[in-house]
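The numbering of the sequence shown is the UniProt record's numbering, which starts it at 1 and goes up by one. The beta-carbon is built from N, C-alpha and C at its ideal position, and this holds for glycine as well.
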Amino acid sequence: MPRNYIFNSSHVENADEISFSYTILDPTIFSRLTLSEVGFSERLTWQQDQRSWVRFWFVPKDQCDYYSHCGAFGLCNPNILAGFVCECLPGYEPKVQSEWYLRNGSSRTKEIGGNRDLPMYDLRTIISATDSFALANKLGEGGFGSVYKVIHCLA
């Protein structure tokens with residue numbers, strides 16, 4: 001079966017590295033992949049007859065390609081016909097309704113009711129409860145980082 005692709009790509013993700021590489025199957029094609037410091041990426045191919053690089057592919061293509069466009073617990077859906085692409089995940093609502101209606105993605109979402117099995121605390125509360133992350137209060141390391149015992153009430 002003949003290949004329809006001009007690239008043979010490889011992606012590696014493990015404890016030692018995260019990498020992406022590719023080779024071009026046709027040696028007469030020249031291509032490059034660029035990534036800017038702000039996250040824009042494009043693939044360019046050399047067009048000999050035009051004597052220039054021509055964009056073959058690029059991202060971001062729409063608002064949903066931007067990291068965290070709809071904020072935490074927000075869902076970005078570029079197929080919404082009304083034009084505003086942000087929705088709240090089930091169990092969440094806009095944090096500031098008037099900002100949400102601006103439809104620019106600047107408002108974030110909050111949990112409805114605030115009743116959860118695992119309570120969340122802000123950094124100031126955690127710093128106080130662990131005596132500024134004192135080494136004497138460190139219990140060990142977990143999959144998500146250091147584990148500390150609480151010496152002050154978090155209520």
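In summary, residue 59 is exposed, with fewer than 16 beta-carbon neighbours lying within 10 Å of its beta-carbon over all protein chains present. For residue 47, DSSP records a beta bridge to 52.
Excluding its 5 nearest sequence neighbours in each direction, residue 147 has C-beta neighbours in its own chain below 6 Å: 139, 140, listed in chain order. Taking every protein chain shown into account, the CB of residue 142 has fewer than 16 other CB atoms within 10 angstroms, so this residue is exposed. Annotation for residue 128: the continuous alpha helix (DSSP H) segment containing it runs 123 to 129. For the pair residue 55 and residue 44, the CB atoms are nearer than the 7 Å cut-off.
Annotation: the continuous beta strand (DSSP E) that includes residue 23 extends over 18 to 24. Non-local beta-carbon contacts of residue 11 in its own chain, meaning distances under 6 Å to residues more than five positions away in sequence, involve 20 in chain order.
Looking only at 79, 74, 122, 16, the smallest Cα-Cα distance to residue 92 is reached by 74. Boundaries for residue 39: no beta strand (DSSP E) harbours it, and the DSSP string shows neither H nor E there.
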